[in-house]
Amino acid sequence: MTARGTLPDHPSPPPREEQAAWFGEPGQGVAENGAMLAQAALETPARHPRTAVVIGRLLGAAFLICFATGLYSHFLQQPLPWMVLPSRPEWLYRVTQGLHVITGIACIPLLLGKLYTVFPLLFAWPPAKTVGGLLERVSIALFVSSSLVQLTIGLLNTFQWYPWAFNFRRTHYALAWIIVASLAVHIGVKLPIIVRWWRRRDSVDPAGRLLPVRPGEGDLRAHERAAAGVTGYVQRLLDMPRESTERISRRTLLGAVGVGTAAVVVGSAGQAVPALAPFTVFAPRRVGLGQQGLPVNKTAKVARVIPAATAASWSLTVAGPGSERAFTLDDLRSMPQTDVRLPISCVEGWSTSADWRGIRFRDLAALVGASGRDFTVRSLQQPGPYSNVLLPANFVDDPLTLIALRVNGAELDLDHGYPARLIAPARPGVLQTKWLARLDAR
Ligand SMILES: Nc1nc2c(c(=O)[nH]1)N[C@H]1C(S)=C(S)[C@@H](COP(=O)(O)O)O[C@H]1N2
Ligand SMILES: [Mo]
1 MTARGTLPDH PSPPPREEQA AWFGEPGQGV AENGAMLAQA ALETPARHPR TAVVIGRLLG
61 AAFLICFATG LYSHFLQQPL PWMVLPSRPE WLYRVTQGLH VITGIACIPL LLGKLYTVFP
121 LLFAWPPAKT VGGLLERVSI ALFVSSSLVQ LTIGLLNTFQ WYPWAFNFRR THYALAWIIV
181 ASLAVHIGVK LPIIVRWWRR RDSVDPAGRL LPVRPGEGDL RAHERAAAGV TGYVQRLLDM
241 PRESTERISR RTLLGAVGVG TAAVVVGSAG QAVPALAPFT VFAPRRVGLG QQGLPVNKTA
301 KVARVIPAAT AASWSLTVAG PGSERAFTLD DLRSMPQTDV RLPISCVEGW STSADWRGIR
361 FRDLAALVGA SGRDFTVRSL QQPGPYSNVL LPANFVDDPL TLIALRVNGA ELDLDHGYPA
421 RLIAPARPGV LQTKWLARLD AR
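The sequence shown: position 360 = 360 (this note's numbering), numbered continuously.
Written out as structure tokens, the structure is:
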């Protein structure tokens, strides 16, 4: 074995005089040396703290946008008692939920790239040398595991596939807090390294080459090695230059992560961004597909509402504090009609704007003396999460909020909620109840 050459696939065993270092000397065990060797074998130029910082910044930004928009969506569906969420601008939820799903999808290649960059740190031994180090390791384990689960179930949710027994929304919400808390600890512990390698001009020499890492500057390996005081055979292995074919450059890694991220974003964003619709490959819903040019979330048949929705005896009951009135479809058709253009924005990320026509909700509320009240909106579909939803007073009062009878120039299709459905601005699709039965003031 040459002293300085390429790392052979199967290094020959250490000479007798160096076996102490291989098998461990006092204070330096087999595990430490094994960890050093694993790290040495994984070392490649792409695994540099600057790369970790560059990808980490993008990942952090994507996670925070995803977290904030996710909180907003959560509280729209389950507001705390004191919360009043705005009904304008009418496209607000379309934008926030589009961003939620797009940034969440972007997190997948970014997280994989980040994990690739820091993967050798997994082999640091001992796992932690200080209390701070232990905290960091626990937080990173939590962050990685909960992120992987979060992104997986979130992605499957966009395909309306729930191959699990737990409640999606509650789990997704709890994991989000675990991720953000562990991310905060991680960033706090790594702050010196993040600051050191944040700016390009601090990271490269005048020729544009990445600066080498000195102990304590966030080396993914060298400072661990120095701290462990590796000697002899292990040291020699660590110091050997490696074949260029074994090495992945920073540019290659960043290019792969960049192209991967751009591809999944462009390939899925078309379900919410009409201009990107031609590039849609991953998204389960397509703009313009479905009855009346609108995607259908759940058909009337699946919801088992066809007999009730098509019955000649159908009427919409509106109940206020002192009075209750039932309106037949002809009654509703003969009332003043309003035209609005509003999107259906599904929590799963797709959204489409449509031209709706119907009666203003607040006009119906006024007829039963319930102006300024919250309403419970009830569907013919029973039971389940859609059977009744809350419509807060500021949404009831918004002139864009309709009991819609028509969409895109025709009577509502049975699958879009015939005979009448709710359509309100800045509201998740899941709360735009189809096949209405009753509106109850609270
Ligand atoms: N009664 C009832 N209303 C419902 C649903 C449902 O399954 N049942 N799905 C909701 C969801 S999740 C969405 S995104 C929208 C979709 O409306 P569309 O199927 O007319 O496009 O309807 C909402 N209203
Ligand atoms: Mo939805």
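Backbone N, C-alpha and C define an ideal beta-carbon position, used for all residues, glycine too. Just so you know, these numbers come straight off a predicted model, no measurement behind them.
For residue i, which residues does DSSP report across the bridge?
i, result
"R452", "This structure gives no information on residue 452, because the portion of the chain shown stretches from 1 to 442."
"W356", "V340, V407"
"V204", "L210"
"T317", "A326, R438"
"P428", "S345"
"R421", "A404"
"S371", "Paired residues: none, contrary to the question."
"S351", "S345"
Just the Cα atoms here: how many angstroms apart are residue i and residue j?
i, j, result
"V266", "G56", "21 Å"
"V53", "I105", "20 Å"
"G258", "K434", "41 Å"
"G24", "P126", "Here the model assigns G24 a pLDDT of 47, short of 50, so the residue's position is not dependable and the matter cannot be decided."
"P428", "Q292", "20 Å"
"F63", "A365", "41 Å"
"G260", "I65", "19 Å"
"L7", "R214", "The pLDDT assigned to L7 is 46, lower than 50, so where the model puts this residue is not dependable, and the model offers no usable value."
"H100", "W350", "11 Å"
"A35", "S147", "26 Å"
"A300", "G384", "14 Å"
"H172", "S145", "13 Å"
"D331", "S315", "9 Å"
"Q39", "V118", "10 Å"
"R442", "G320", "8 Å"
"N167", "N157", "12 Å"
"Q445", "I423", "Residue numbering for the chain in the displayed model covers 1 to 442; residue 445 lies beyond these limits and cannot be assessed."
"L436", "V377", "7 Å"
"V30", "S268", "48 Å"
"S353", "Q382", "27 Å"
"A277", "Q271", "6 Å"
"L71", "A184", "17 Å"
"F282", "A410", "31 Å"
"W22", "A176", "No answer about W22 holds up, because its pLDDT of 47 lies below 50 and its placement is not dependable."
"R443", "I187", "Residue 443 falls outside the range modelled here, since the chain spans only 1 to 442, and no answer is possible."
"L191", "I140", "14 Å"
"N388", "R373", "16 Å"
"H223", "W164", "Reliability fails at H223, whose pLDDT of 46 lies under 50, so the model's placement of it is uncertain and the value that follows must be treated cautiously. Taking the straight line from one Cα to the other gives about 43 Å."
"P121", "L37", "Just to set this straight, residue 121 is Leu in the shown sequence, not Pro. Each residue's alpha carbon lies about 12 Å from the other."
"Q78", "I102", "23 Å"
"A311", "T338", "25 Å"
"P392", "S87", "10 Å"
"I178", "V149", "12 Å"
"R438", "T401", "16 Å"
"L375", "T317", "Note that residue 375 is Phe in the sequence shown, not Leu. Approximately 12 Å between the Cα atoms of the pair."
"S371", "R421", "20 Å"
"T280", "P274", "10 Å"
"F159", "E348", "8 Å"
"G154", "R304", "28 Å"
"V204", "L211", "5 Å"
"P458", "I403", "Because the chain here runs from 1 to 442, residue 458 falls outside it and cannot be looked at."
"L115", "G60", "13 Å"
"L58", "E32", "33 Å"
"R196", "S73", "36 Å"
"I248", "A128", "28 Å"
Considering only the alpha carbon of each residue, which of the options lies closest to residue i?
i, options, result
"A426", "L412, P45, I187, T69", "T69"
"A309", "P336, I423, L412", "L412"
"F138", "T171, V189, L151", "Residue identity check: residue 138 is Val in the sequence provided, not Phe. Nearest of T171, V189, L151 to V138, Cα basis: V189."
"D440", "S379, W164, A41, A207", "S379"
"L142", "I306, A181, F75", "A181"
"V396", "L405, L367, V389, F361", "F361"
"T152", "P192, H186, P109", "P109"
"L253", "P321, A319, G113", "G113"
"R357", "H186, P419, H48", "P419"
"L111", "R209, T51, Q160", "T51"
"I306", "L115, D415, Q160, E90", "D415"
"W161", "R304, L390, N297", "N297"
"L390", "P49, V340, L76", "L76"
"R406", "S323, F159, R333, R169", "R333"
"D398", "R250, P89, S73", "P89"
"R251", "S73, G208, A61, V273", "G208"
"V368", "A404, S323, S203, V264", "S323"
Are the stretch 85–96 and the stretch 335–349 touching by the rule of at least three beta carbon pairs closer than 8 Å?
yes
Exercise. Specify whether the stretch 314–327 and the stretch 117–135 touch according to this definition: at least 3 beta carbon pairs, one from each stretch, less than 8 Å apart.
Key: no
Should the stretch 76–86 be regarded as contacting the stretch 35–46, the criterion being three or more beta carbon pairs within less than 8 Å?
no
* Which whole runs of the beta strand (DSSP E) in the stretch 117–202 are 3 residues long or more, in chain order? -> none
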